[in-house]
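In the working numbering, the protein residues as written are 3 to 79.
In structure tokens, the structure reads:
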């Protein structure tokens, strides 16, 4: 799916898309999340896409890259 004037900056689980959208919005970007809203009892793993206006796409991708690099690693068990 494409929307004229908007770029997809993330595709994945709905819960991740919602978190990414919140971070991007907190940084002042305009964000839309497209996907199913069928949240379940625990978590929602339905597919979704995060879109931003074309002129904000590079900024959004850079913020996502920075967040991925700062994410804590899995603990050794």
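Every residue gets a Cβ at the ideal spot worked out from N, C-alpha and C, and that includes glycine. Fair warning: this is a prediction, and the values are worked out from it, not measured in the lab.
Worksheet item: To the nearest whole angstrom, what separates the beta carbons of residue 16 and residue 48, a pair I think is in contact under 8 Å?
Response: Here residue 16 really is in contact with residue 48; their C-beta atoms are around 5 Å apart, less than 8 Å.
Worksheet entry | Inter-residue Cα distance where the pair is residue 24 and residue 6 | 22 Å
Practice prompt. Evaluate residue 19 with the Cβ neighbour count: other Cβ atoms within 10 Å of its Cβ, from every protein chain shown; 16 or more gives buried, anything less gives exposed.
Written response: Burial is judged here by how many other beta carbons sit within 10 angstroms of a residue's own beta carbon; residue 19 has at least 16 and is buried.
Fill in: Nearest candidate by alpha-carbon position, reference residue 13, set 36, 56, 27 and 26
36
Worksheet entry | Selection from 34, 56 and 21 that minimises the alpha carbon distance to residue 69 | Residue nearest to residue 69 within the set 34, 56 and 21 is 21 (criterion: CA-CA distance).
Worksheet item: Any idea which residues DSSP pairs residue 49 with across the strands?
Response: 15
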